[in-house]
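A.B. asks: Handing you this structure, nothing more for now.
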Amino acid sequence: MVDTRTAPYAALLLRVALGVMFLAHGLTKLLVFTLPGTAQFFAKIGFAGWLAYPVTFFEIGAGAMLILGIVPRWVAAIAVVQLFVASTVHFGNGWGFGNPGGGWEYPIFLTVAAAALALLGDGKFALVKSRR
1 MVDTRTAPYA
11 ALLLRVALGV
21 MFLAHGLTKL
31 LVFTLPGTAQ
41 FFAKIGFAGW
51 LAYPVTFFEI
61 GAGAMLILGI
71 VPRWVAAIAV
81 VQLFVASTVH
91 FGNGWGFGNP
101 GGGWEYPIFL
111 TVAAAALALL
121 GDGKFALVKS
131 RR
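With UniProt numbering as the guide, the letters of the sequence shown map in order to residues 1 to 132.
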């Protein structure tokens, strides 16, 4: 049974944690690896290099939107797709994320966390609530 009194706070915690993770990943791509460097990495692992640009800006925008609570259910639903595709890079590396090249445990966990948020809802203190 779901505790309806605390579930909105649980969704808030999940939403903010995912938002911080997305913001950190996007800003790392932008400020540390740079967009051209990220594009080069994407091309090296089999994705089109130009995808680095929309992925980076999605991660930054999605992170901010999740933290602020701007249509978080829908942002999380889109993030499920992005996170799953990112996970495919790690499938051949085994389970443990500490494996060379990083395993798939962490990215799949994030995929499931985003799916849980999409199913759970916006959470407490959402600035712009998602429509069903």
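Where is the CB? At the ideal position from N, CA and C, for every residue including glycine.
All values reported here derive from a predicted model rather than from experimental measurement.
#1: Got a sec, what are the start and stop residues for the alpha helix (DSSP H) Ala48 sits in?
#2: Could you pull out every residue in the same chain whose Cβ sits closer than 6 Å to the Cβ of Leu110, ignoring the five residues on either side in sequence?
#3: Under a Cβ-count criterion, where at least 16 other Cβ atoms within 10 Å of its own Cβ denotes burial, should Thr34 be classed as buried or exposed?
#4: Quick check: what's the CA-CA separation for Ala7 versus Ala113?
#5: Report the option in Ala86, Thr88, Ala79 and Phe125 whose CA atom is closest to the CA atom of Leu119.
#6: Which residue's Cα is closest to the Cα of Leu18: Trp50, Gly37, Ser130 and Tyr106?
C.D. replies: Straight from the coordinates:
#1: Element bounds for Ala48: n/a, residue is neither H nor E.
#2: Leu83
#3: exposed
#4: 15 Å
#5: Ala79
#6: For the residues Trp50, Gly37, Ser130 and Tyr106, the minimum Cα distance to Leu18 belongs to Tyr106.
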